[in-house]
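Colleague: Handing you a structure now.
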Ligand code: GLA
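Numbering (the numbering used here), first residue to last: 104 to 493.
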């Protein structure tokens, strides 16, 4: 569905919710994309490099002021209405998705922003939910931007990204890094974001949209991973604690260069050695990708993405049968430049870079072949990198 249609539907629903017509100038609209990550997986919470892009699927929020200090919110995706008071912004398990909104409001309150009135809000999206394309970060960023506009806070982009990140990390208590909220906030059309998650600095890297497309293939499986991901984070920390005994300049895995890794790898137990090896060389792959794209050597991406996938599979151990299958199938299709899993792993999507003139065939063939093996068709999103929240 186009963004215009999403906005139209949400506005109609808002009128229905309020039981009256609203002047167009009294409606605030916020639109945030989803994200995919080209390379740099599980590096962001290790202070490393990532290279995500925003995808052409969105979370749209429309709303209007209410005098009461309450938020009335309807999600079309969940087909649920909720009401909560701005005097009592607390995490409540039974509030499920509403907690993402509360998290944003909570951290704005901590920054001394005041809400002198409430709002009626409708949320809708064509961004798949719970499929590894950051629907939660898209919701947080869209909402932070919506609140900024509605209350005339004029939050700058950095604040929007940081508040949204805190909502996810500290309010929802999810072990993520800053990648998702930063790309959804800062994305620019036809570029990837080369983001240094330690310095929080970034550079836009052009993607040749005249030659190639990004294709996300959704395995439509979601293996339970929350605990494993928390374990990975802890393992990385444990490795840092060991390495620091030998080199006290190491504060995070970001500080471990390939040379340092070679020097001390035998000091690490096997499992931790594998985790560190992934992070160290995944950071290198991000830097190589920047170089390849700057030189316009698109075909060199294939090897880098393949290595990235293998490393997630064998060293970081966050892949699964369906993702491995999709990556193997992709490399056998004419016109594929590169493919790997994207996001946390254990299901969700693969990211594929495919020559534009092969993209429709690619989508058809991978869908058929995947179905032959697993019994159901994958989801397909064909996209160029799009711009961030507005
Ligand atoms: C999830 C997190 C991100 C990042 C990826 C793995 O998507 O939200 O911050 O850690 O996993 O690269």
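Glycine included, every Cβ here is placed at the ideal spot set by N, Cα and C.
Classify residue 361 as helix, strand or coil using the three-state DSSP reduction.
Modeller: Helix at residue 361.
Colleague: Does the beta-carbon of residue 73 have 16 or more other beta-carbons within 10 angstroms, so that it is buried, or is it exposed?
Modeller: For residue 73 there is no data in the structure shown, the boundaries of the chain being 104 and 493.
Colleague: At a cut-off of 7 Å, would you count residue 279 as near ligand 1, judging by its Cβ distance to the nearest heavy atom?
Modeller: Under cutoff, so the answer is yes.
Colleague: Is it right to say residue 188 is buried, meaning 16 or more other beta carbons lie within 10 angstroms of its own, or is it exposed?
Modeller: Exposed: under 16 other Cβ atoms inside 10 Å.
Colleague: Does ligand 1 have even one heavy atom less than 7 Å from the beta-carbon of residue 412?
Modeller: No, the Cβ of residue 412 stays beyond 7 Å of every heavy atom of ligand 1.
Colleague: Just mark residue 220 as buried or exposed, buried being the case when its beta carbon has 16 or more other beta carbons within 10 Å.
Modeller: Looking at its Cβ environment, which holds fewer than 16 other Cβ atoms inside 10 Å, residue 220 is exposed.
Colleague: So which of 444, 433, 299 has the shortest CA-CA distance to residue 386?
Modeller: Per the Cα distances, 299.
Colleague: Can you name, in chain order, every residue of its own chain whose Cβ lies under 8 Å from the Cβ of residue 198, other than the five neighbours on each side?
Modeller: Counting only Cβ-Cβ distances below 8 Å, and skipping sequence neighbours, we find 185, 187, 205.
Colleague: Let me check you understand the geometry: is the CB of residue 148 closer than 7 Å to at least one non-hydrogen atom of ligand 1?
Modeller: Yes - ligand 1 has a heavy atom lying nearer than 7 Å to the Cβ of residue 148.
Colleague: Roughly how many whole angstroms lie between the Cα atoms of residue 290 and residue 301?
Modeller: Answer to the nearest angstrom: the Cα atoms are 18 Å apart.
Colleague: Counting only runs of 3+ residues fully inside the stretch 296–362, write out the beta strand (DSSP E) ranges in chain order.
Modeller: You should have 304–309, 315–325.
Colleague: Do residue 240 and residue 321 count as a contact pair if the criterion is CB distance below 8 Å?
Modeller: No, the pair does not count as a contact, with Cβ atoms beyond the cut-off.
Colleague: Pull up the DSSP beta-bridge partners for residue 136, would you.
Modeller: Partner(s): 161.
Colleague: If we count the other Cβ atoms within 10 Å of its Cβ and call it buried at 16 or more, is residue 491 buried or exposed?
Modeller: Buried.
Colleague: Is residue 417 buried or exposed, if buried means 16 or more other CB atoms sit within 10 Å of its CB?
Modeller: The residue in question, residue 417, is exposed, as its Cβ has fewer than 16 Cβ neighbours within 10 Å.
Colleague: Identify the continuous alpha helix (DSSP H) that holds residue 207 and give its terminal residues.
Modeller: Looking at the DSSP string, the run of the alpha helix (DSSP H) that includes residue 207 is 201–213.
Colleague: Name, in chain order, the residues that DSSP records as bridge partners for residue 455.
Modeller: DSSP output for residue 455 lists 318, 442 as bridge partner(s).
Colleague: Between the Cα of residue 393 and those of 127, 143, 110, spot the shortest distance and give me the residue it belongs to.
Modeller: Closest by alpha carbon: 143.
Colleague: So what does DSSP say about residue 416, is it helix, strand or coil?
Modeller: Three-state result, residue 416: helix.
Colleague: From the DSSP secondary-structure annotation, give me the bridge partner or partners of residue 169.
Modeller: Per DSSP, 221.
Colleague: Exposed or buried, which one is residue 438 when buried takes at least 16 other CB atoms within 10 Å?
Modeller: By the neighbour-count rule (16 or more Cβ atoms within 10 Å), residue 438 is buried.
Colleague: With a threshold of 8 Å between beta-carbons, can residue 485 be considered close to chain D, or not?
Modeller: Reference to chain D is not applicable here, since this structure consists of a single protein chain.
Colleague: Using 8 Å as the threshold, is the C-beta distance between residue 293 and residue 310 below it?
Modeller: Contact: yes.
Colleague: Classify residue 468 as helix, strand or coil using the three-state DSSP reduction.
Modeller: Reduced to three states, the DSSP call for residue 468 is helix.
Colleague: Quick check on this structure: which residue in 283, 384, 338, 401 has the alpha carbon closest to the alpha carbon of residue 140?
Modeller: It is 283.
Colleague: Can we count residue 334 as close to ligand 1, meaning its CB is less than 7 Å from some heavy atom?
Modeller: Flag unset: Cβ of residue 334 not near ligand 1.
Colleague: Return the residue from the list 411, 208, 363, 481 that minimises the CA-CA distance to residue 222.
Modeller: Closest option to residue 222, Cα to Cα, is 208.
Colleague: Taking only the alpha-carbon atoms, compute the straight-line gap between residue 107 and residue 484 and give it to the nearest angstrom.
Modeller: Going by the C-alpha atoms only, they are around 18 Å apart.
Colleague: Roughly how many angstroms lie between the CA atoms of residue 224 and residue 137, to the nearest whole one?
Modeller: Computed Cα separation, rounded: 20 Å.
Colleague: Comparing the CB of residue 206 with every heavy atom of ligand 1, is any distance shorter than 7 Å?
Modeller: It does not: the Cβ of residue 206 is nowhere closer than 7 Å to a heavy atom of ligand 1.
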